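As structure tokens, the structure follows; a few thoughts come after it.
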Amino acid sequence: MNQELKKWNKTWPISNLREKEDELKSIQAQIQSMPMDTGLIDKELRLQEEVTKLSFQEKIQLQQRAKCTWLKYGDRCSNFFSCYCLRSVTQEFRGLSPIHRRKACFG
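Per the working numbering: the sequence shown = residues 143 to 249.
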């Protein structure tokens with residue numbers, strides 16, 4: 143079951159999104175040749191909603207994966223990154239280069 147979940151995790155929702163985008167392009171091409179067909183227009187609107195929903199789900203999935211990666215690998219440099227983020231705006235305002243910022247953070 144673990145292998146099945148890994149396989150599903152790699153394919154969903156990206157593959158569904160690509161399929162729906164291709165279908166939407168096909169419908170839009172058909173609308174170009176038959177602009178008065180209301181059935182095609184309704185189908186296009188429905189597909190646009192699905193593509194929007196799937197792209198949002200993909201974004202959430204990528205954010206969750208990034209959080210997991212950060213928790214697994216990112217703690218080693220958390221002091222550096224937090225110091226860099228907190229001081230970058232004020233140091234750039236003062237005109238210090240990134241090397242000077244690093245020295246200011248770590249002494």
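By construction, the Cβ of each residue, glycine as well, lies at the ideal position given by its N, Cα and C atoms. Keep in mind it's a predicted model, so treat the numbers as computed, not measured.
**Message:** Under 8 Å: do the segment 196-212 and the segment 167-185 share three or more Cβ pairs, one atom per stretch?
**Reply:** Contact fails: fewer than three Cβ-Cβ distances are below 8 Å.
**Item:** Cβ-Cβ separation, Leu159 to Gln190 (assumed contact under 8 Å), whole Å
**Value:** That pair is no contact at about 12 Å.
**Prompt:** Taking buried to mean at least 16 other C-beta atoms within 10 Å of its own C-beta, is Gly249 buried or exposed?
**Reply:** A caution first: Gly249 carries a pLDDT of 49, below 50, which makes its placement in the model too unreliable to give a value.
**Item:** Beta-carbon contacts of Ser197 that lie in its chain and below 7 Å, excluding the five residues immediately before and after
**Value:** So the list reads Leu159, once near-sequence residues are dropped.
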